[in-house]
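Note sheet for the following structure.
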Amino acid sequence: MNTQQLSEQYVATTYARFPITFTHGKGSLLWDDSGKEYIDLGSGIAVNTLGHADEAWANAVHAQLLNVAHTSNLYYTAPQAELAAALCTRTGMSRVFFSNSGAEANECMIKTARKWGAGRSTIVTLEGSFHGRTIATLTATGQPAMHGDFAPLPAGFKYAKPNDIIDLQSKLDETCCAVMMELVQGESGVLVLDKDYVQAVAALCKKHNMLLLIDEVQTGNGRCGTLYAWQQFGINPDIVSTAKGLAGGLPLGATMFATSTCDVLGHGSHGSTFGGNPACAAGALHVLNRLDDTLLADVQAKGEYIREKLQGLPGVKSISGMGLMIGVETVRPAKDIVVDCLAQGVAVLTAKDKVRLLPALNISMELLDKALAVLVDIVEA
Ligand code: PLP
Numbered sequence: 034m035n036t037q038q039l040s041e042q043y044v045a046t047t048y049a050r051f052p053i054t055f056t057h058g059k060g061s062l063l064w065d066d067s068g069k070e071y072i073d074l075g076s077g078i079a080v081n082t083l084g085h086a087d088e089a090w091a092n093a094v095h096a097q098l099l100n101v102a103h104t105s106n107l108y109y110t111a112p113q114a115e116l117a118a119a120l121c122t123r124t125g126m127s128r129v130f131f132s133n134s135g136a137e138a139n140e141c142m143i144k145t146a147r148k149w150g151a152g153r154s155t156i157v158t159l160e161g162s163f164h165g166r167t168i169a170t171l172t173a174t175g176q177p178a179m180h181g182d183f184a185p186l187p188a189g190f191k192y193a194k195p196n197d198i199i200d201l202q203s204k205l206d207e208t209c210c211a212v213m214m215e216l217v218q219g220e221s222g223v224l225v226l227d228k229d230y231v232q233a234v235a236a237l238c239k240k241h242n243m244l245l246l247i248d249e250v251q252t253g254n255g256r257c258g259t260l261y262a263w264q265q266f267g268i269n270p271d272i273v274s275t276a277k278g279l280a281g282g283l284p285l286g287a288t289m290f291a292t293s294t295c296d297v298l299g300h301g302s303h304g305s306t307f308g309g310n311p312a313c314a315a316g317a318l319h320v321l322n323r324l325d326d327t328l329l330a331d332v333q334a335k336g337e338y339i340r341e342k343l344q345g346l347p348g349v350k351s352i353s354g355m356g357l358m359i360g361v362e363t364v365r366p367a368k369d370i371v372v373d374c375l376a377q378g379v380a381v382l383t384a385k386d387k388v389r390l391l392p393a394l395n396i397s398m399e400l401l402d403k404a405l406a407v408l409v410d411i412v413e414a
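Dropping the structure here:
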């Protein structure tokens, strides 16, 4: 059996896959098992921050693998400690808990808010949000269609309409301990929240002594043109979660605590076998070092460039997003555009009914131009 047949027979049927088997990549290029080349504008859904097979990143991980790949969190390791210090220095946050995924980073955020709330347990999230697939993060996800098969769901979540401060206010009561949101709702169609709304939510949290929890699993790690998107919103979150692009292709989640929450979780109140393991942490430390002001400015500039190329095309209804997290509402169905792009050697994603672009942050202008030319043709077909 070939890879696709093996996978169809033995891997759980949770994913509807395209009939493509990728074998290797380099930078923003990927090759399938027939030797066909693709320009990757999806980055494994915002994971491959520096593209594929980046040599310096691979060397940093490899060197750590040859030192010690894993020890357990019963002991100290330099990469984890240095990564936590670097994240705190670059964000002003105070402490970090490491896990392995976005859902886990959010679980930690939810647990911390509940413990901090000391009896107040309700967390308000936004309609259309996506926070993960574990039972608690699925419940936090404001998409009832995803909840159906998994009852009973944990109590203590309410949902408010995005960009509607009156609606949010109406959801608050004495049981609420926190508001949790993505600043750009990724899975829902790359919807950017209004800055005024986000600031009003932050003020409301302060007024009612509630925590502001920001899910930067997808928006973080340079994706939106600053290290974290909240740095463009003029707010000071109490907790920020991230994962995806943090380690550039290895599984790593991080939950970052401000001073307001940094000592809530004490010994034994949370943990993870693999979280922050030295190999993943070494990869993340390398990614973080590469995400300097020049690269972040490039992310902003390339994001603008993509918008300019697509804006105003008859086949494009609207464009949303920040930095290199872009949603394109097209006249043709997004799903058809993805299939046609793959046929022409360009890998793009969907987000609900939009085409979603999440290229590697260091994609070259040459490959970007080549991919955009294909996309424009297909959008206009
Ligand atoms: N939060 C957001 C905003 C996401 O986009 C995702 C994944 O798409 C998650 C959480 C869940 O992350 P993971 O799949 O790593 O558990």
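Its first residue numbered 34, the sequence shown is counted upward by one per residue in our numbering.
Virtual Cβ for every residue (Gly too), placed ideally from N, Cα, C.
For E70, the enclosing beta strand (DSSP E) starts and ends at 70-73. When only Cα atoms are considered, P347 and V379 end up about 21 Å apart. For a cut-off of 8 Å, the C-beta gap from P187 to E160 is around 18 Å, too long to register as a contact.
If you draw a 10 Å sphere on the C-beta of K277, you find 16 or more other C-beta atoms in it, and that means buried.
Annotated three-state conformation of E140 is helix, per DSSP. A169 has its Cβ no nearer than 6 Å to any heavy atom of the ligand PLP. Taking non-hydrogen atoms of the ligand PLP into account, the C-beta of E337 is found less than 6 Å away from none of them. Boundaries of the beta strand (DSSP E) around S132: 128-132.
As a beta-bridge residue in DSSP terms, F190 pairs with I156.
Each residue's CA atom was taken as its position, placing T294 and I272 some 7 Å apart. In this structure, the alpha-carbon of T155 lies about 18 Å from that of A136. Leaving aside the five residues that flank A86 on each side, the residues in its chain whose CB is nearer than 8 Å to its CB run, in chain order, H57, G58, K59, G60. F266 places its beta carbon 7 Å or farther from that of S127.
Boundaries of the beta strand (DSSP E) around C209: 209-214. In this structure the region 307-323 lies against the region 107-117, because at least three pairs of beta carbons, one per stretch, are closer than 8 Å.
Exposure of V44 is indicated by the presence of fewer than 16 other C-beta atoms within 10 angstroms of its C-beta. In the three-state reduction of the DSSP assignment, L224 falls in the strand class. In the structure shown, E413 falls within a coil segment according to DSSP collapsed to helix, strand and coil.
Remark: the shortest separation between the CB of H180 and any heavy atom of the ligand PLP does not fall under 6 Å. A check of alpha carbon separations from V212 across G255, V94, N139 identifies N139 as the nearest.
Here E41 is exposed. Its C-beta has fewer than 16 other C-beta atoms within 10 Å. Shortest gap from the CB of D248 to any heavy atom of the ligand PLP: under 6 Å.
Between V80 and G282, the gap from beta carbon to beta carbon is short of 7 Å. About 19 Å separates the CB atoms of A384 and S274; that is not less than 8 Å, and the two are not in contact.
Going by beta carbons, L63 and P392 fall outside the 7 Å limit. Within the DSSP secondary-structure output, R256 pairs in no beta bridge.
Using a C-beta cut-off of 8 Å, the region 230-243 makes contact with the region 197-206, since at least three inter-stretch Cβ pairs fall below that distance.
No heavy atom of the ligand PLP is found nearer than 6 Å to the CB of G150.
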